[in-house]
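Everything on this sheet refers to the single structure shown next.
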Amino acid sequence: LQSYNIWLQGLVRHGNFIEAETVLKQMTEKGIWPSIYSYNILMDGFCKLGMLSDAKAIVGLMKRNGVSPDGVTYGCL
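First residue of the sequence shown? That's 1 in UniProt numbering, and the numbers climb one at a time after it.
The following block contains the structure:
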């Protein structure tokens, strides 16, 4: 999981959000469930670029996957 989070950070840092979302999906397909930290990486990137609808979509995805948003998540919005 830690390696995936590092990968996600690099993708988001370089603006590769589509690829980051693909990696997130691949994680779950492989049975590696993203942590709150994994989702917050994407949330932070979307929020920093003002992509609030995308950030809100990540919150929905988190909830569907049984991960409860935390203060960091809501702090981005």
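The beta-carbon is built from N, C-alpha and C at its ideal position, and this holds for glycine as well.
Contact test: I41 Cβ vs the ligand SAH heavy atom, cutoff 6 Å: Of the ligands one can find in the structure shown there are none, so the ligand SAH has no counterpart to examine.
Just to confirm the assignment, what range does the alpha helix (DSSP H) spanning I58 have? Here the alpha helix (DSSP H) through I58 covers 52-64.
Going straight from the alpha carbon of K63 to that of C76, what length do you get? C-alpha of K63 to C-alpha of C76: approximately 16 Å in a straight line.
Neighbourhood of N65 by C-beta distance below 8 Å, restricted to the same chain and skipping five residues each side: Within the same chain, N65 has close Cβ partners T28, W33, P34.
Residues near A20 by beta carbon distance below 7 Å, same chain, minus five either side: The beta carbon of A20 sits closer than 7 Å to those of L8, L11, V12, L42, all from its chain and outside the five residues before and after it, given in chain order.
Return helix, strand or coil for I41, following the three-state DSSP convention. In the three-state scheme derived from DSSP, where H, G and I count as helix and E and B as strand, I41 is classed as helix.
Suppose contacts are defined by Cβ-Cβ distances below 7 Å. Is V59 in contact with I36 by that definition? Cβ distance not < 7 Å, so V59 and I36 don't count as in contact.
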